[in-house]
Structure formats: structure tokens, C-alpha cells
Amino acid sequence: MLSSIKISTENSTLDMDETTTYLDGRYVSAPEAIWRLSEFNMSYKSHTVIRLAVHLPHQQQVVFIGGQETDAAERAAAKYTTLTAWFQLNRDVSQAEIYTYSEIPNHLGQLDLRTFVLWMESSVKHFSKHVK
Numbered sequence: 001m002l003s004s005i006k007i008s009t010e011n012s013t014l015d016m017d018e019t020t021t022y023l024d025g026r027y028v029s030a031p032e033a034i035w036r037l038s039e040f041n042m043s044y045k046s047h048t049v050i051r052l053a054v055h056l057p058h059q060q061q062v063v064f065i066g067g068q069e070t071d072a073a074e075r076a077a078a079k080y081t082t083l084t085a086w087f088q089l090n091r092d093v094s095q096a097e098i099y100t101y102s103e104i105p106n107h108l109g110q111l112d113l114r115t116f117v118l119w120m121e122s123s124v125k126h127f128s129k130h131v132k
């Protein structure tokens, strides 16, 4: 399946990345949002896109307000991204190695929850409803 195409004419070039367009432009209607916020079962008829931020070592994106660059850099250095937390979880919990990133929340009972909570607090707020 082709996810990125390039269309060229004499005067211009158009790059279309279907994956990014889907992730950035997915519409969630008001009823679906209420169902998801209320944690109702969606009958597995739709999927949730879980974005794993991929970056090179020490090159994660940092957002800051002008004049607070130093504070933002220090916070970013002390905080896990979803990618670094994923590696940390796989290093610390041997059972986590057999699951993909999106499968981890489905197997919470089989993993060491203390390590998983550390992973979640530092990166993935989406899964917090599963740890009570």
C-alpha cells in the first residue's frame, strides 16, 4: 500500500503523505468524543490511533515560550518521550518485550505495574484510564 506519493508537473511538485494526513486530520464527531471520554465500549468497530513519537537520540521536539528556553531544555532532559519510555519499559520488564507498543495496555495484568505506571506518568496519558 502506497502511503506517500509525489505528483510533479512542469511548474510545481505536490507531495501527499496519506499517513500524516490521516493522523492529523481525522475527524471525531461529538457523539464519538462523548463515548470515548465516558470510556464506553466502542464495539471494536473503530480503532484508536496511537502515535509513537519517533526521534533520533537527544533530538526530541521541545516546545517553549520565548525567554524560557533553558527551563524547557531542562524539563525535556528529565522527561521521557513515548519512544524513550517504551525502551525503558522493555529494558526493565522482561515480559513487555513480547508485545508491540499498541498491545501494552491490553496486557497490564501480566506486567509489573510499578514499572508501567512510571512509563505512563512520563509519557502516555492516553492509557491512564487502564491503571486504577
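Okay, so the sequence shown: first residue is 1 according to UniProt numbering, each after it adds one. Glycine included, C-beta positions come from ideal geometry on N, C-alpha and C. Since we're looking at a predicted model, the values are computed, not measured.
With three or more CB-CB distances shorter than 8 Å, the region 54-64 counts as touching the region 77-91. For residue 100, there is no enclosing beta strand (DSSP E), as DSSP marks it with neither H nor E. Of the other Cβ atoms in all chains shown, fewer than 16 fall within 10 Å of the Cβ of residue 34; this residue is therefore exposed. A distance of 8 Å or more separates the beta carbons of residue 107 and residue 101. Taking the C-beta atoms as reference points, residue 64 is found nearer than 8 Å to residue 72. Rounded to whole angstroms, the separation of the alpha carbons of residue 62 and residue 28 is 27 Å. Under the DSSP assignment, residue 13 falls in the beta strand (DSSP E) whose first and last residues are 13-17. Annotation: the region 41-94 contains no complete segment of the beta strand (DSSP E) (minimum length 3 residues). Selection 97, 15, 79, 103 evaluated against residue 59 yields 79 as nearest (Cα-Cα). Secondary structure of residue 32 (DSSP, three-state): helix.
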